[in-house]
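Protein chains: 2
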Amino acid sequence: MNDRVVALCGGIGGAKLALGLVHVIDPERLSIIVNTGDDFEHLGLNISPDLDTVVYTLSGLADRERGWGRADETWQFMQALGELGGPSWFHLGDRDMAMHVERTRALRSGVTLSSFVARAARTLGIRARILPMTDDPVQTVVETEDDRLAFQQYFVERRCAPVVHTLHFAGADRAVPAPGVLEALSAPSLRAVVICPSNPYLSIDPILAIAGIRAGLMNAAAPVVAISPIIGGHAIKGPTVKIMSELGIAATTASIAAHYQDLLDGLVIDEADADDAASLDVPAYATRTLMNDLPDRIRLAKETLAFADTLSTGGRELAGQAIATERRRPS
Amino acid sequence: MNDRVVALCGGIGGAKLALGLVHVIDPERLSIIVNTGDDFEHLGLNISPDLDTVVYTLSGLADRERGWGRADETWQFMQALGELGGPSWFHLGDRDMAMHVERTRALRSGVTLSSFVARAARTLGIRARILPMTDDPVQTVVETEDDRLAFQQYFVERRCAPVVHTLHFAGADRAVPAPGVLEALSAPSLRAVVICPSNPYLSIDPILAIAGIRAGLMNAAAPVVAISPIIGGHAIKGPTVKIMSELGIAATTASIAAHYQDLLDGLVIDEADADDAASLDVPAYATRTLMNDLPDRIRLAKETLAFADTLSTGGRELAGQAIATERRRPS
Chain L
1 MNDRVVALCG GIGGAKLALG LVHVIDPERL SIIVNTGDDF EHLGLNISPD
51 LDTVVYTLSG LADRERGWGR ADETWQFMQA LGELGGPSWF HLGDRDMAMH
101 VERTRALRSG VTLSSFVARA ARTLGIRARI LPMTDDPVQT VVETEDDRLA
151 FQQYFVERRC APVVHTLHFA GADRAVPAPG VLEALSAPSL RAVVICPSNP
201 YLSIDPILAI AGIRAGLMNA AAPVVAISPI IGGHAIKGPT VKIMSELGIA
251 ATTASIAAHY QDLLDGLVID EADADDAASL DVPAYATRTL MNDLPDRIRL
301 AKETLAFADT LSTGGRELAG QAIATERRRP S
Chain S
1 MNDRVVALCG GIGGAKLALG LVHVIDPERL SIIVNTGDDF EHLGLNISPD
51 LDTVVYTLSG LADRERGWGR ADETWQFMQA LGELGGPSWF HLGDRDMAMH
101 VERTRALRSG VTLSSFVARA ARTLGIRARI LPMTDDPVQT VVETEDDRLA
151 FQQYFVERRC APVVHTLHFA GADRAVPAPG VLEALSAPSL RAVVICPSNP
201 YLSIDPILAI AGIRAGLMNA AAPVVAISPI IGGHAIKGPT VKIMSELGIA
251 ATTASIAAHY QDLLDGLVID EADADDAASL DVPAYATRTL MNDLPDRIRL
301 AKETLAFADT LSTGGRELAG QAIATERRRP S
């Protein structure tokens with residue numbers, strides 16, 4: 001029985017769908033490949049925002065209002081840091097600090113990021129497999145009009161205000177997928193690969209920039225389905241539409257389909273964009289993609305998998321062979 | 001006018017008297033040389049327990065009940081750390097964490113401990129000069145029956161339970177006094193050097209183990225006065241009496257006087273031990289040494305300085321020349 005699912009995701013939006021998925025399938029058959037291009041060192045701590053959002057969301061510790069960080073969080077550390085004149089632009093909650101301190105300690109002692117995440121997830125009762133895209137350093141760099149900014153500088157410190165010219169993923173060309181990533185994508189019992197409705201440019205592209213992972217998707221023996229983060233020309237959260245506009249891309253489902261190109265076997269689009277379906281180059285399924293609560297997440301996860309079950313992987317596999325050969329690197 | 005005062009101190013007990021001193025003299029004429037033998041790295045953070053106790057006490061941020069850490073402290077970080085399986089034996093409050101994170105960041109970037117402390121103290125409105133005994137690593141090592149323990153392992157993790165055989169101060173022989181320490185001790189306008197009622201073996205000896213500082217005390221142009229931490233055969237707080245007993249030393253004011261030997265020009269003893277005064281080798285002044293509240297601290301500071309004003313430095317200076325020559329090392 002093909003019962004394994006792989007999800008690719010960034011932070012908040014992606015984690016919502018991942019939570020839906022663990023309610024729809026056996027969590028132990030789910031692998032979630034998470035963007036680490038946003039990871040950075042701050043205050044001497046190694047911070048992995050997207051991994052933490054996924055871990056907190058799946059363990060039930062996440063703050064549902066903010067989307068990031070932990071529920072019932074307190075901010076005494078930040079207040080005291082400010083009193084000492086320390087930098088206050090990146091908010092670290094008191095409980096959240098434990099994750100950063102423990103991760104930093106682990107990485108410094110030679111533990112890999114993937115081992116640390118696996119241990120933390122297990123400790124917090126998570127049964128799905130959460131995988132960083134790589135254990136190697138990859139840094140999403142945002143080239144703006146005036147500056148070259150590390151992702152968190154752009155995203156948090158500058159609140160996405162600067163106009164984006166280009167995005168690149170420093171180190172991605174040398175990074176190898178974390179242990180478990182390629183195994184998950186090449187599992188014979190794979191049912192579907194789901195690209196979550198995360199920001200394609202900021203959250204999914206860093207994952208796909210690792211040649212081994214892109215090749216793994218191309219060669220996966222199951223349909224690859226993305227959920228469009230665009231709803232009627234708008235993005236639900238975050239700077240997706242602003243960035244698309246700055247990069248000269250129309251905020252349409254067609255742009256999302258074109259962006260993922262031949263990686264995709266199908267695209268889930270919002271019911272508001274149902275009329276687009278006929279003109280897309282890829283099979284599309286229209287439904288309500290907004291996820292306000294857990295039932296929304298479960299329903300979207302269920303419909304996405306059911307849609308994937310109707311798709312063939314033929315076209316992508318052929319295309320995939322060519323691209324994979326071309327882009328594959330020794331690992 | 002001789003109006004400068006130097007105090008030597010460890011953590012809680014010493015900080016109380018230091019707080020008394022800033023109420024009695026112009027704080028800008030007070031230099032406090034603080035033990036760093038208890039400093040250690042924990043969770044990847046550089047922690048300086050005695051320095052922090054002095055900084056928090058003088059800035060009014062200290063918790064008055066516990067004596068260590070900050071008032072109105074919260075413990076969300078520790079709780080979350082425990083949930084992640086991290087070590088929970090050393091308690092770090094949420095607000096307190098800011099100091100450790102900022103210190104660690106400063107030290108890693110090449111800032112000295114003394115510069116960091118000076119900046120933190122200034123930021124928190126402290127006008128007295130707080131000096132670590134050294135910027136070099138010195139580690140108080142407790143040799144017990146079974147084990148060789150780093151100070152915090154002995155003091156916090158093992159709660160002073162193991163029987164102490166010997167204490168030594170690893171690195172003290174190579175350590176040089178922090179900038180400002182020798183200058184404070186050799187100031188011509190020095191009125192007194194006060195050895196606070198800290199644990200002589202655990203808190204003051206690490207400071208005196210740095211040859212340059214011991215020589216500086218011997219050569220100081222003002223009386224050196226200690227306050228005995230023993231009251232009628234008991235210590236107010238901490239393991240002083242237990243350690244004295246394990247080291248085969250009677251818990252008496254005479255033992256304290258003998259311990260500091262020719263460094264001292266005078267010893268302040270508790271009124272409960274007033275009868276000892278006649279038999280001591282050093283001039284003694286008996287008063288109430290218990291410091292329950294701020295008026296107690298101010299009164300004891302005032303009386304200690306008044307007592308110092310009555311003392312001559314002649315004997316120590318002669319002895320000091322010999323010892324200083326013998327123990328002085330290039331710096």
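As you go down the protein sequences, you meet chains L and S in turn.
Using the numbering used here, the letters of the first sequence map in sequence onto residues 1 to 331.
Using the numbering used here, the letters of the second sequence map in sequence onto residues 1 to 331.
Backbone N, C-alpha and C fix where the C-beta goes; we use that ideal spot for every residue, glycine too.
A quick note: this is a predicted structure, and the numbers were derived from the prediction, not measured.
What did DSSP end up calling residue i once you bin it into helix, strand or coil?
i, result
"T112 (chain L)", "coil"
"R299 (chain S)", "helix"
"I210 (chain L)", "coil"
"A82 (chain S)", "The sequence shown places Gly at residue 82 (chain S), rather than the Ala named in the question. Helix."
"G266 (chain L)", "strand"
"V163 (chain S)", "coil"
"F90 (chain S)", "coil"
"T144 (chain S)", "strand"
"P49 (chain L)", "helix"
"E73 (chain S)", "coil"
"Q271 (chain S)", "Looking at the sequence shown, residue 271 (chain S) is not Gln but Glu. DSSP places E271 (chain S) in helix when its eight states are reduced to three."
"P239 (chain S)", "coil"
"I249 (chain L)", "coil"
"I256 (chain S)", "helix"
"R66 (chain S)", "coil"
"L30 (chain L)", "strand"
"V6 (chain L)", "strand"
"T123 (chain L)", "helix"
"T325 (chain S)", "With a pLDDT of 31 at T325 (chain S), under the threshold of 50, the modelled position of this residue cannot be trusted; read the value that follows with caution. DSSP places T325 (chain S) in helix when its eight states are reduced to three."
"T287 (chain S)", "strand"
In whole angstroms, what is the alpha-carbon distance linking residue i and residue j?
i, j, result
"A80 (chain L)", "T74 (chain S)", "12 Å"
"A324 (chain S)", "L263 (chain S)", "Annotation note: pLDDT 34 at A324 (chain S) (below 50); position unreliable, coordinate value reported separately. Answer to the nearest angstrom: the Cα atoms are 11 Å apart."
"C9 (chain L)", "G93 (chain S)", "34 Å"
"L30 (chain L)", "L21 (chain L)", "8 Å"
"H91 (chain S)", "M99 (chain S)", "14 Å"
"P179 (chain S)", "F155 (chain S)", "29 Å"
"G238 (chain L)", "S203 (chain L)", "11 Å"
"A118 (chain L)", "C160 (chain L)", "31 Å"
"L311 (chain L)", "A128 (chain L)", "25 Å"
"V83 (chain S)", "L61 (chain L)", "What sits at residue 83 (chain S) in the sequence shown is Glu, not Val. C-alpha separation (whole angstroms): 11 Å."
"D3 (chain L)", "F307 (chain L)", "14 Å"
"R95 (chain L)", "E102 (chain L)", "12 Å"
"S48 (chain S)", "L300 (chain L)", "52 Å"
"S331 (chain S)", "V164 (chain L)", "At S331 (chain S), the pLDDT of 33 sits below 50, so the modelled position is not reliable and the matter cannot be decided from this model."
"E326 (chain L)", "H259 (chain L)", "Model confidence at E326 (chain L) stands at a pLDDT of 31, short of 50, so the residue's coordinates are unreliable and nothing is read from them."
"I200 (chain S)", "I249 (chain S)", "Note on residue identity: the sequence assigns Pro, not Ile, to residue 200 (chain S). Approximately 12 Å, taken between the alpha carbons."
"E28 (chain L)", "L19 (chain L)", "13 Å"
"V282 (chain L)", "W89 (chain L)", "42 Å"
"I210 (chain S)", "D147 (chain L)", "50 Å"
"R64 (chain S)", "R158 (chain L)", "41 Å"
Checking 7 Å against the spacing of the C-beta atoms, do residue i and residue j come in under that value?
i, j, result
"N35 (chain S)", "I230 (chain S)", "no"
"G212 (chain S)", "L185 (chain S)", "no"
"E143 (chain L)", "T166 (chain L)", "yes"
"D38 (chain L)", "F116 (chain L)", "no"
"A235 (chain L)", "L190 (chain L)", "no"
"I126 (chain L)", "L58 (chain L)", "yes"
"T313 (chain L)", "V194 (chain L)", "no"
"I130 (chain L)", "V24 (chain L)", "no"
"A175 (chain S)", "T134 (chain S)", "yes"
"G171 (chain L)", "V138 (chain L)", "yes"
"T287 (chain S)", "D273 (chain S)", "no"
"D270 (chain L)", "T240 (chain L)", "no"
"R105 (chain L)", "L45 (chain S)", "no"
"P132 (chain S)", "L113 (chain S)", "yes"
Given that residue i touches chain L, what residues does it touch there, using C-beta distances under 7 Å?
i, result
"D94 (chain S)", "T74, Q76, F77 and D94"
"G44 (chain S)", "V101, T104, R105 and R108"
Name the chain L residues that come within less than 8 Å of residue i, Cβ to Cβ?
i, result
"L84 (chain S)", "A98, M99, E102, A120, T123 and L124"
"R66 (chain S)", "What R66 (chain S) touches in chain L: nothing, since even the nearest Cβ is about 16 Å away."
"L81 (chain S)", "A98, V101 and E102"
For residue i, is the beta carbon positioned less than 6 Å from some heavy atom of the ligand MG?
i, result
"L107 (chain S)", "In the structure on display, the ligand MG does not appear, and there are no ligands present to speak of."
Point to revise | Every unbroken alpha helix (DSSP H) inside the segment 176–222 of chain L [4 residues or more] | key: 181–185, 205–208 and 211–219
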